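Below you'll find the structure, written out as structure tokens, and then a few comments.
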């Protein structure tokens with residue numbers, strides 16, 4: 067192994083070991099503080115932020131902890147056991163998208179509460195927020211179902227879990243860019 071490759075491998079290992087662990091601890095503390103704050107009676111008017119914090123905790127557990135586990139244990143169950151690969155890919159996608167879209171709905175809720183139009187202000191209610199939370203969670207449990215079907219451990223060497231079918235992989239890339247990046251950003255900026 068060349069010295070450059072060894073340096074990159076060491077840098078990656080240190081980043082996962084220290085960077086991800088620090089991010090996990092700080093993000094978990096932040097999400098727990100959000101949950102405690104938005105659970106209080108005075109601040110219970112918007113359940114989207116509370117739900118987003120719960121989804122963020124799930125995303126942290128699914129996204130960061132397995133990488134840290136794989137750093138110290140071999141073989142990595144997410145690249146050696148097919149069901150772990152599929153479950154992690156699906157749950158990671160579901161919780162990441164739910165988290166983003168719940169924040170978008172919270173932004174829309176706050177925007178509608180500031181509207182001068184009484185009809186639009188009606189949409190800013192706890193009942194409407196709870197309905198939207200349920201709709202978003204159901205939607206994001208159904209839409210990435212293709213990840214369960216098409217995710218597989220990548221040969222040779224079983225080093226990654228990805229979608230190998232080129233058509234599905236192309237769909238997944240566009241859907242992730244549009245639904246996970248562009249659309250939430252545009253909607254939030256417009257509010």
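Residue numbers (my numbering): 67 to 257. Using N, Cα and C, we set each Cβ at its ideal position, and we do this for glycine too. Since we're looking at a predicted model, the values are computed, not measured.
Flag this pair as yes or no: are the beta carbons of residue i and residue j separated by less than 8 Å?
i: residue 148; j: residue 82; result: no
i: residue 93; j: residue 122; result: yes
i: residue 241; j: residue 229; result: no
i: residue 163; j: residue 246; result: yes
i: residue 119; j: residue 97; result: yes
i: residue 166; j: residue 178; result: no
i: residue 155; j: residue 219; result: no
i: residue 126; j: residue 158; result: no
i: residue 143; j: residue 150; result: yes
Can you give me the start and stop residues for the beta strand (DSSP E) that residue i sits inside?
i: residue 180; result: First-last for residue 180: undefined, no H or E at that position.
Can you name the start and end residues of the alpha helix (DSSP H) that residue i belongs to?
i: residue 226; result: Unbroken run through residue 226 is the beta strand (DSSP E), 226 to 229; no alpha helix (DSSP H).
i: residue 220; result: Careful: residue 220 lies outside any alpha helix (DSSP H), inside the beta strand (DSSP E) at 217 to 220.
i: residue 197; result: 192 to 208
i: residue 94; result: 87 to 104
i: residue 235; result: 232 to 243
i: residue 71; result: 69 to 80
i: residue 250; result: 249 to 256
i: residue 138; result: 131 to 138
Going by CA-CA distance only, name the one from the options that's closest to residue i.
i: residue 233; options: 124, 180, 244 and 212; result: 212
i: residue 257; options: 161, 225, 125 and 180; result: 180
i: residue 117; options: 141, 254, 208 and 192; result: 192
i: residue 252; options: 169, 143, 150 and 225; result: 169
i: residue 239; options: 255, 250 and 210; result: 210
i: residue 75; options: 129, 189, 137 and 89; result: 137
i: residue 203; options: 190, 171, 254 and 176; result: 171
What distance in whole Å lies between the Cβ atoms of residue j and residue i, which are believed to be in contact at a cut-off of 8 Å?
i: residue 128; j: residue 88; result: So it is not a contact: roughly 18 Å between Cβ atoms.
i: residue 84; j: residue 130; result: That pair is no contact at about 12 Å.
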